[in-house]
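Taking it in order: structure first as structure tokens, then the write-up.
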Amino acid sequence: MVSNETLLSRGRRKPRKTLVVEHPLGLRKTIISDSREVLLSEIVLKPLDVSVSPKRTSLTAGRKVEVRCYSGGSRPPSRMSWFLDNEPLSNHTDILSIDGNRTTSVLTFWPSRSDHKKYLRCRTENFLLSGSALEDGWHLNITYVPQVSLTIRSSSKQQHSTFLEGDDVRFACDVKANPSANEVGWLFDGKPLNPDDPN
């Protein structure tokens, strides 16, 4: 809403004009002027929105990706921050639009296997207004090649390569992968080994 009032000061005939611009959030910008003075009060606005793009279904461990976060409506321009769970991320560049109304933050990110299921989020806020923060993000799905670990034990409780003749030897293969491994095989001297073969 815009209103324009003309005031006459006591003892003089020069009009004094007041222009009030009201914002839906209840904030206002006031301009008071006469022949000798101009008073300008800057409006302060909360960010209106925040969105992260692209929200990928999956990322690959060790492969660089750029994620963008968009926010608009804040005055002065909003401050952008990135977090992986609660850990701040600093490798991002913020770009302000020509009209100063929209901020784009570009995060350069190298996901790792340990980032699987962590929450990546972008936060925008006007540091002049408490409670103005908005956030957007998603839980990461990180794909990675199988990680294999082998454990060997015998009935005599010896480990690794030292065994007694006649011992029962147990080999345990632990495979971690995303997506999950759909096949696990054994080789002995380069030949496929069937665990059910007594020979």
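Residue numbering for the sequence shown follows full-length UniProt numbering, starting at 1 and increasing by one per position.
Yeah, the Cβ is synthetic: ideal placement off N, Cα and C, and Gly gets one too.
Using DSSP bridges, identify the partner residues of residue i.
| i | result |
| --- | --- |
| proline 88 | Phe83 |
| aspartate 174 | Ser149 |
| valine 106 | Arg68 and Thr93 |
| lysine 55 | Partner(s): none; lysine 55 has no beta bridge. |
| arginine 121 | Phe83 and Gly137 |
| valine 50 | Ser71 |
| phenylalanine 188 | Lys191 |
| isoleucine 142 | Leu59 |
| leucine 45 | Arg75 |
Does the Cβ-Cβ distance between residue i and residue j come in under 7 Å?
| i | j | result |
| --- | --- | --- |
| isoleucine 95 | threonine 104 | yes |
| serine 74 | leucine 45 | yes |
| glycine 137 | valine 50 | no |
| threonine 151 | alanine 172 | yes |
| lysine 118 | leucine 84 | yes |
| aspartate 174 | serine 149 | yes |
Pull up the distance between the alpha-carbon of residue i and that of residue j, whole angstroms please.
| i | j | result |
| --- | --- | --- |
| serine 114 | alanine 177 | 11 Å |
| threonine 124 | arginine 170 | 55 Å |
| tryptophan 186 | isoleucine 142 | 27 Å |
| asparagine 91 | aspartate 168 | 53 Å |
| leucine 48 | tyrosine 70 | 11 Å |
| phenylalanine 109 | alanine 181 | 26 Å |
| glutamate 135 | threonine 60 | 24 Å |
| proline 88 | cysteine 122 | 10 Å |
| glutamate 56 | leucine 120 | It should be noted that the sequence gives arginine, not glutamate, for residue 56. The straight-line gap from Cα to Cα measures roughly 11 Å. |
| leucine 193 | leucine 164 | 21 Å |
| proline 76 | proline 54 | 26 Å |
| valine 184 | tryptophan 82 | 39 Å |
| lysine 64 | glutamine 147 | 20 Å |
| arginine 153 | leucine 140 | 37 Å |
| glutamate 66 | glycine 131 | 28 Å |
| arginine 102 | arginine 68 | 13 Å |
| glutamate 42 | asparagine 86 | 34 Å |
| glycine 62 | glycine 166 | 45 Å |
| leucine 129 | serine 78 | 10 Å |
| glutamate 22 | glycine 100 | For glutamate 22, the pLDDT reaches just 44, beneath the cut-off of 50, and the residue's location in the model is therefore unreliable, although a value from the coordinates is still provided. Whole-angstrom Cα-Cα distance: 20 Å. |
Select from the options the residue whose C-alpha is nearest the C-alpha of residue i.
| i | options | result |
| --- | --- | --- |
| methionine 80 | Thr93, Gln147 and Ser149 | Thr93 |
| serine 112 | Tyr144, Ser130, Leu129 and Asn101 | Tyr144 |
| glycine 72 | Pro179, Asn126 and Gly131 | Asn126 |
| proline 179 | Arg102, His139 and Ser58 | Ser58 |
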